[in-house]
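First comes the structure, then the notes that go with it.
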Amino acid sequence: MFESLSDRLSGVFDRLTKQGALSEDDVKTALREVRVALLEADVSLPVARDFIKKVQEQATGQSVTKSVTPGQQVVKIVHDALIEVLTGEGEPGALKIDNPPAPILMVGLQGGGKTTTTAKLAKRLKEKDGKRVLMASLDVYRPAAMDQLAILGTQVGVDTLPIVPGQKPVDIAKRAKQQATMGGYDVYMLDTAGRLHIDEVLMDEVEQVSKVVTPRETLLVVDGLTGQVAVEVAQEFDDKVGISGVVLTRMDGDGRGGAALSMRAVTGKPIRYVGLGEKMDALETFEPERIAGRILGMGDIVSLVEKAQETIEAEQAERMMKRFQKGQFNMNDLKMQLEQMIKMGGMQGVMGMMPGMGKMAKQAEAAGMDDKVLKQQIALIQSMTKRERANPQILQASRKKRIAKGAGLEVSELNKLLKMQRQMGDMMKKMGKMGKGKMLKQAMK
Ligand code: GDP
């Protein structure tokens, strides 16, 4: 068995004394271990290399918090970076299946779990999303494949297109489209034929079917245990027919999940679901946290990371509280608050929790203070220089113009932000004077 990454790292860092910040050498030593762990988890070499480089830049110079070891802190940074890569940017989690009947094309190599996944997903769409689903098998090469889908359909209570012997895949696809339209289905899923290897005939066929139905989603089903092979297969399918997402099957096996990271990094396509067994309900939406934990190869790491997180947050809060009491509240503080608000469910969520702010939350709602506004405000702060953030009082007309332009917003928006920073600063000062304990008691009322 693999030695867990957390064990390795603590071994490395036991020898180091704690310093104020993570030195380049600390980080390098730790990342060497992380790199081995990534490769053992079957992350491809170029992806591992890029990843390590990115983390190295992030980690070097970060201040070490009091109660976690530098090793724990590096693990935390690695963990967060893994989640970031696995999550990608602004990917919608849900399938695009409005505008009924929405076609979903299922593609992949034979034995990857395509037919099983088709039925699992149909069941999920029916039960979780209340969709009426029709499934059709386009696998004319293995008659057993059509029967297999029909049997699974009966099992999960989802209709399948009646089998007409001798029909070509494109014609079956047309028939499925017709039946889905006439029958008032929300979704129709086409289970294409697989081959043992990618070949021209297979790709041509998938391409033709794709042209006929214009799928809303083309999901590639691949065996997650095949690691790098899965990534290559995805790349080829994407080049030839264009995929919109990936389903990784057999993630219940003892693979370490590295394929997921390479998949995301190499193809840029979102992993939508993971297959976790042969049963019909063994399909779950992809959760980056889980895979990140798995790649790092440890059960205890998650709690370790959580603890590090808590400690870091507590120390941050303590530091902030001290500054607020002194009446210091600059744009960096405001940015942190805004980010926190987004995390906690937006402005209304946060204000609702604060004593005496329920009414303000309603006003904020009325004024359209939603996540979009919060993000715009963050963009404005990001558009400021370091000096401006620390001393927002130095902003005059030309600086304001530049900042607003940088964020793609009007100066009036920036003025609102500045006013907010002043008001919040005053409020924080008052709260700071009340003292932590008293504030907590008030919040609990
Ligand atoms: P296809 O040729 O791609 O259509 O593959 P099948 O759907 O027929 O699946 C091949 C085998 O893999 C079947 O025995 C499935 O039960 C099994 N299988 C599919 N998905 C999973 C999964 O997520 N985990 C496990 N353990 N087995 C799976």
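Numbering (the UniProt record's numbering), first residue to last: 1 to 445. Ideal Cβ placement from N, Cα and C applies to all residues, glycine included.
Relative to the ligand GDP, residue 114 has its C-beta within less than 7 Å of a heavy atom. Nearest neighbour of residue 122 by Cα position, chosen from 184, 337 and 133, turns out to be 133.
Selection 231, 140, 326 and 222 evaluated against residue 264 yields 231 as nearest (Cα-Cα).
Annotated as proximal: residue 38 and residue 258, with beta-carbon spacing under 8 Å. In this structure, DSSP gives residue 283 an extended state, which the three-state scheme calls strand. Under the three-state reduction of DSSP output, residue 398 falls in the helix class. In this structure residue 201 is exposed. Its beta-carbon is surrounded by fewer than 16 other beta-carbon atoms within 10 angstroms. For residue 225, there is no enclosing beta strand (DSSP E), as DSSP marks it with neither H nor E. The nearest non-hydrogen atom of the ligand GDP is 7 Å or more from the C-beta of residue 134.
In the DSSP secondary-structure assignment, residue 251 is not bridged to any residue. In this structure, the C-beta of residue 260 stays at least 7 Å away from each heavy atom of the ligand GDP. For the ligand GDP, no non-hydrogen atom lies closer than 7 Å to the CB of residue 218. Between the alpha carbons of residue 109 and residue 338 lies a distance of about 46 Å. Per the Cβ contact rule, the region 148-163 is not in contact with the region 52-63 (fewer than 3 Cβ pairs under 8 Å). Around residue 138, the same chain offers 169, 172, 173, 190, 191, 192, 193 and 209 as residues with beta carbons nearer than 7 Å, after the five sequence neighbours per side are excluded.
Within 7 Å of the C-beta of residue 111 there is at least one heavy atom belonging to the ligand GDP. Membership of residue 272 in the beta strand (DSSP E) is indicated by the continuous run 271-275.
Between residue 240 and residue 203, the C-beta gap is smaller than 8 Å, which places the two residues in contact. According to the DSSP assignment, residue 106 belongs to the beta strand (DSSP E) that extends over 102-107. A distance criterion of 7 Å places the beta-carbon of residue 276 in contact range of the ligand GDP, judged by its closest non-hydrogen atom. For the pair residue 221 and residue 114, the CB atoms are nearer than the 8 Å cut-off. Taking C-alpha positions only, residue 405 is separated from residue 429 by approximately 31 Å. Between residue 103 and residue 211, the C-beta spacing is not below 8 Å. Here residue 44 has 228 and 262 as same chain residues with Cβ atoms under 6 Å from its own Cβ, once five neighbours each way along the sequence are excluded. About 5 Å separates the beta carbons of residue 251 and residue 224, which is inside the 8 Å limit, making them a contact pair. Straight through space, the alpha carbons of residue 97 and residue 402 are spaced by roughly 42 Å.
When DSSP assignments are scanned along the region 108-191, the uninterrupted stretches of alpha helix (DSSP H) that are 4 or more residues long and fall wholly within it turn out to be 114-129, 143-156 and 169-182.
Under DSSP, residue 82 forms no beta bridge with any residue. If you draw a straight line from the Cα of residue 291 to the Cα of residue 165, it is about 43 Å long. Annotation for residue 53: the continuous alpha helix (DSSP H) segment containing it runs 45-59. Around the Cβ of residue 111, a 10 Å sphere holds fewer than 16 other Cβ atoms; the residue is exposed.
DSSP lists 105 as the bridge partner or partners of residue 218. Its Cα nearest to that of residue 159, the residue 131 stands out among 372, 131, 334 and 323.
Under the three-state reduction of DSSP, residue 246 is assigned to strand. Residue 425 has its alpha-carbon roughly 7 Å from the corresponding atom of residue 328.
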